[in-house]
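Below: one structure, written as structure tokens.
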Amino acid sequence: MSNKVKKYMQQRPTARAAFLLSLPLLWLLLIYIGSLLALFITSIWKIDTFTSKIIRQFTLQNFIDIFSDRAYFNVTVRTLFVAICVTIICAVIAIPMAFFIARVAKPKSRPVLIALLITPLWASYLVKIYAWRTMFYPEKGFITWLISPLGGQSPGFGIFAVIVGLTYLWLPYMILPIYAGMEKLPTSLLDASADLGAKSGKTFFNIILPITWPAIIAGSIFTFSLSMGDYITVQILGGTFQMLGNVVYQNFSLNLPFAAAVALIPVIIMLVYLSGIRKSGALDNL
Amino acid sequence: MRLSLSARITLWTVMGFGLSFIYVPLILVVINSFNTNTSFAWPPTGFTTSWWSKAAVNEGVRDAITRSAVVALFATLIALVLGSLAAAAISRYKFFGQEVISLLFVLPIALPGIVTGIALNNVFTNFLGELTIFTIIIGHATFCIVVVFNNVSARYRRLGANLEEASMDLGANRFTTYRLITFPLLRSALLAGGLLAFALSFDEIIVTTFTAGAGQTTLPIWIFQNLFRPNQAPIVNVVAAALILVSIIPIYLSQRLTQEKVS
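Below, the structure written as structure tokens:
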């Protein structure tokens, strides 16, 4: 660097920030954002129905097709339903577990418990879904073996198996931010609440939940977004059940403009969700 | 802290239920890798180690593991450089549009993988002509940057700027300060972020499906391709079990890192 540039950088913090930011931002804008924009431009084009080649001609037909066919509305609602269920179940399991580790377990056993919880985060995605496939297998799976003495049977592959599988996959993504949030919870507040006569439940809803809320929302970004876009779990555990990701995947090679239009649905839902939670401080808890 | 008896019982129950929910399926996979029955009917019909020895010499598996490791290594390296640069800029400076830019850096993990996948595929096939191992690395690096960025930003927030300011007040320039003060303080965050980025890349399947060239089979793609082939099922199961056992290594390492942080 020449001395002139050096001096300029010394005096201008903004120039230094721009220098640091230039490479990563360039990568992000050029490769990621650029590709996304290109994809969504594709959604207003169409294809030659015989050759599957893209014709660069403005049309809203893809969106008209999506809005006029109830099947796409239904698949969007189903996808949202699964994503919301997975997020809520993850939170319901993660909150007490994170609280237990951060506040009830002995400080010595905390690292071990945390290690136990993040193990599935490191285990392979496919391995986990594969594990649930052997669990849910209709006639001879583990679940059937477990509950057949009680007269039950595995529900088999379908929406229920998909929700369980996705919950299992994304649970660590929910536990970790919540645990980090719980660790920061001041003990004095909990003690004060108890001293003033509040029962455990009341302390939970009035103290713990509001303070850890940004962490819970941070976790929900992962559980929600990852569930919205998944199609492989749905293929392995879903049976005939389908989600938005599957629709995108099926149209991808034959009709990219239409796949791009369908892909806009989860993106818009996610952007609405992200802008809704921007003020909650959740993004600092990721 | 004080908790009522019922609250205590509830918490212990949830903890027990949660941990068994996490571990029963994984343990099942490991047990099944010794199952003589190829269709994995439960309970197992007999004990065998032949699937393990068959998997150990399987060319496809070896090839896929090597490719996944190479991809994850390069994606992690790119992510470490770009992610820590971005974290330094956003955590240590104030500038116009900061909030929007930090939101932008989270997007690659906040938006569904299939969207990233088809968007990259569309651009790569149109501009680069064909997909190769490099396109996988570029695709993976894009979401790995976020992981490193998040880890390092969190560390910057916790550290505050006092030590760096003290160093500069004592006459050290920016590079010396970074080398002697900032970097040592960031090191464990960089390692943790790098480890997580490596694991995510090694395991990624959705973006990989759309950015991998013909014949560029990574390990997850190999598993997915063979998942529904009955005669390959025992090998897939062994690979799955091995991956579970191997995943203990990064956990052990990250544990060591957190202990380093405490001391």
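Heads up: the protein sequence lines correspond to chains P and L, in order. According to my numbering, the first sequence is numbered sequentially starting from 1235. According to my numbering, the second sequence is numbered sequentially starting from 3. Every residue gets a Cβ at the ideal spot worked out from N, C-alpha and C, and that includes glycine.
Asked: For chain P, check one thing: does any of its Cβ atoms lie closer than 8 Å to the Cβ of L/Ser265?; Found: Unreliable placement is indicated for L/Ser265, whose pLDDT of 39 sits below 50; the coordinate value is still reported in the next sentence. Closer than 8 Å: no.
Asked: Report buried or exposed for P/Arg1367, applying the criterion of at least 16 other Cβ atoms within 10 angstroms of its Cβ.; Found: buried
Asked: Would DSSP call P/Ile1391 helix, strand or coil?; Found: In the sequence as displayed, the identity of residue 1391 of chain P is Phe instead of Ile. Coil, per DSSP.
Asked: So is L/Val31 in contact with chain P if we call contact Cβ pairs under 8 Å?; Found: yes
Asked: In the structure shown, what three-state DSSP assignment does P/Lys1280 receive?; Found: strand
Asked: Answer with buried or exposed for P/Thr1457, where buried requires no fewer than 16 other C-beta atoms within 10 angstroms of its C-beta.; Found: buried
Asked: If we ignore side chains and look at the alpha-carbon of each, how far apart do P/Leu1347 and P/Val1326 end up?; Found: 18 Å
Asked: Run through chain P and tell me which residues come within less than 7 Å of L/Ile246, C-beta to C-beta.; Found: Ala1357, Val1361
Asked: Establish whether the CB of L/Gly99 and some CB of chain P are separated by less than 8 Å.; Found: no
Asked: Relative to the alpha-carbon of L/Ser86, which residue among P/Phe1253, P/Leu1271, P/Ile1275 has its alpha-carbon at the smallest distance?; Found: P/Phe1253
Asked: Compute the Euclidean distance between the alpha carbons of L/Asn124 and P/Ser1487, then round it to the nearest angstrom.; Found: 10 Å
Asked: With H, G and I counted as helix, E and B as strand and the rest as coil, what does DSSP make of L/Phe49?; Found: strand
Asked: Cβ of P/Lys1433 less than 8 Å from any chain L Cβ?; Found: yes
Asked: If you follow the alpha helix (DSSP H) that L/Pro186 is in, where does it begin and where does it stop?; Found: 185–205
Asked: Below 9 Å between beta carbons is the criterion; list the residues of the stretch 1495–1506 of chain P that meet it against any residue of chain L, in chain order.; Found: Ala1497, Leu1498, Pro1500, Val1501, Met1504, Leu1505
Asked: Assuming P/Thr1310 contacts P/Leu1478 (C-beta within less than 8 Å), just tell me the rounded distance between them.; Found: 6 Å
Asked: So with CB distances below 8 Å, who are the chain P contacts of L/Asn34?; Found: Thr1368
Asked: Going by the CB atoms, is the gap between P/Ser1286 and P/Asn1489 shorter than 8 Å?; Found: yes
Asked: Please determine, among P/Pro1258, P/Leu1270, P/Ile1300, the residue with the shortest C-alpha to C-alpha distance to L/Leu82.; Found: P/Pro1258
Asked: What residues of chain B sit near P/Gly1268, judged by a beta carbon separation below 8 Å?; Found: In the structure shown, chain B cannot be found, because the protein chains are P and L.
Asked: Establish whether the CB of L/Leu5 and some CB of chain P are separated by less than 8 Å.; Found: yes
Asked: Under the three-state reduction of DSSP, which class applies to P/Asn1489: helix, strand or coil?; Found: coil
Asked: Ignoring anything shorter than 4 residues or poking outside the stretch 67–100 of chain L, list the alpha helix (DSSP H) runs there in chain order.; Found: none
Asked: Would you kindly work out how many angstroms separate the C-alpha atoms of P/Thr1248 and L/Val241, rounded to a whole number?; Found: 50 Å
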